[in-house]
Amino acid sequence: MAGKVFHSSVQLGRQQARMILDGAFGYGRSANLSPITVVVLDGGGHVVAAEREDGCAPLRFPVARGKAFAALGNGAASGVVGSRNAERPAFLASVAAAADGNFIPVAGGVLILDEEAHIIGAVGVSGASSDEDESAALAGIRAAGLAAGLEPG
C-alpha cells in the first residue's frame, strides 16, 4: 500500500520480547534445563518473538505457543487453567477445538501484566518439565522488568 498509514498501538514491543527470551534462556542454562523453546505473544495472541535452543524437538514451538495462548485466552496461567479444569475433560477438549488445537493447559504459559494488572501478552515455554518451563517463563518476564500473572488473587 502506497502512502502513509496509521500505526497500531504496541503494548508489548519487540525489544521487551527479546529480553523475555534472553531471560528465559539464561534461567534455563543456569538451572541446567534441557533445551527450551520460548514464545512471546502480544495481547491479541500474535507472536512477537520466538526462539528455540539447539536440540529442541520440532513440536516444542507449537506446544510453547499453545501454553501461552491457553494463558492468554483464559486470563490465568496455563497450569492454573489445567488444574482448575482437571475434572472437566470435555470442557478442555472443547476449548482446544475452539482454539484450533492451539491450547495446551499445562504449566509453562504465563501472563504478562502491565502496571494496572491488565494482560498485555503471554509467554510460553516448552522443553523441560512443565514446572521448569513455568519457572523459565517467570524468569524471562522478570528479566524484562515486567509483571507476571499466574492466578488472580
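Numbers given in the numbering used here equal positions in the sequence shown, counted from 1, plus 462.
Glycine is no exception: its CB is placed at the ideal position from the N, C-alpha and C atoms.
Just so it is clear, the structure is predicted and the values come from calculations on it, not from any experiment.
Query: Identity of the residue in Arg480, Pro520, Ala493 nearest Asp504 by Cα; Result: Arg480
Query: Where Ile603 falls: helix, strand or coil (DSSP); Result: helix
Query: Classification of Asn536 by the beta-carbon crowding that lies within 10 angstroms, buried from 16 upward; Result: buried
Query: Distance between His469 and Val568 (C-alpha atoms, nearest Å); Result: 35 Å
Query: Beta-carbon gap between Val525 and Gly570 smaller than 9 Å; Result: yes
Query: Presumed contact (8 Å Cβ cut-off) between Gly602 and Leu483, rounded CB distance; Result: 7 Å
Query: Whether Asn547 touches Leu554 by CB criterion (9 Å); Result: yes
Query: Proximity below 9 Å, CB of Tyr489 to CB of Ala605; Result: yes
Query: Beta-carbon proximity list for Leu573, same chain, < 6 Å, skipping 5 on both sides; Result: Ala533, Ile581, Ala584, Gly611
Query: Cutoff 8 Å; reference Gln477; Cβ partners in own chain excluding five residues on either side; Result: none
Query: Nonlocal neighbours in the same chain, by C-beta distance under 6 Å from Gly589, ignoring five residues either side; Result: Ser496, Pro497, Ile498, Thr499, Cys518, Arg522
Query: Environment of Arg527 [buried if 16+ CB atoms lie within 10 Å]; Result: buried
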